[in-house]
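Taken in order, the sequence shown gives residues 1 to 230; the numbers are from UniProt numbering. One structure is given here, and the rest of the page talks about it.
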Amino acid sequence: MVHLLPGPLLTQAVFLSLVPWMESEGRPQLIGSSQPIRAPLGSDVILPCIVQPERNMEEMTVRWWRPDVPPDPQDPKSDYRYVHLYPENQHQEDLTMPSYVGRTEMFADGLKLGNLSLRIRNLKASDDGRYRCFIPQLALATTIMLEVFEPISDDTLTTAQFPGNLQTPDPKNETDVKVGQHNWSSWFVVLAFCVLVVVAVGVGGYFLKHKCQRRHLPDYKPPPPLLNMW
């Protein structure tokens, strides 16, 4: 009995078996990205897939699929569903993973130049992971890693820059603040008391001085009456 591998696994096995022959014959290469492609949630992203040396790929079949997404047990066709297929046909939606329907496209003008890159619109968190670009006729494949991250909003930046506005103060710090406020209050009371003492001493000294001066003044005696010279 012959056991056939599911669609993506079968194509992968064929590709791996032909790699030595391809290298010996100097066949074209499929260039993707050695570094992960990072894009924020809700944005559009382009996954690179370029044939080198350049050649017209309009007559070729291109399959984009997810090697790290397990089959859906409730969907018997999930082993044969792709992220994107070229050329498109009337059964395109039946062969596309439901979460990617209407969100993917390739560049028609780029196919003549060997550009098989895929655009994914309105990224979702579930889009994060590995993608494989495969050309069955040439047994060429490349894998691209997509990392979808949460965009940083203004509110997030404000929280990060001023964390104290949203955090409960440390009890020790709160105690230090209260002690500092108490010290300032104590100093203010002492200063006010000193000012009052100085003012009181000044006023008391002023009245005491004038009282002493009045004691040392000679008694006032009215001048004697003028004698009547006539």
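Beta carbons: idealized from backbone N, C-alpha and C, even for Gly. No experiment lies behind these values; they were computed from the predicted model shown.
If the criterion is Cβ atoms closer than 8 Å, does the pair residue i and residue j meet it?
i, j, result
"R55", "G114", "yes"
"V69", "C133", "no"
"K124", "S99", "yes"
"R121", "M145", "no"
"P67", "E147", "no"
"R103", "I46", "no"
"V101", "E93", "yes"
"residue 252", "P40", "For residue 252 there is no data in the structure shown, the boundaries of the chain being 1 and 230."
Using only CA atoms, which one of the options lies nearest to residue i?
i, options, result
"Q137", "R103, S33, E59 and C49", "E59"
"P48", "G42, K112, S34 and Y100", "S34"
"T143", "L123, E150 and S117", "S117"
"K112", "P53, D72 and P73", "P53"
"Q29", "A39, C194 and I135", "I135"
"D128", "R27, P73, E88 and R38", "R38"
"D75", "L95, G42 and L85", "L95"
"L140", "I50, S43 and C194", "I50"
"P151", "K77, G32 and G42", "G42"
Rounded to the nearest angstrom, how far is the Cβ of residue i from that of residue j, given a contact under 8 Å?
i, j, result
"M97", "Y82", "7 Å"
What does DSSP give as the partner residues of residue i in its beta bridges?
i, result
"N56", "Answer by DSSP bridge pairing: none, since N56 is not bridged."
"I134", "Here residue 134 turns out to be Phe, not Ile, going by the sequence shown. DSSP lists R63 and A141 as partners of F134."
"N115", "I50"
"M106", "L118"
"F149", "P40"
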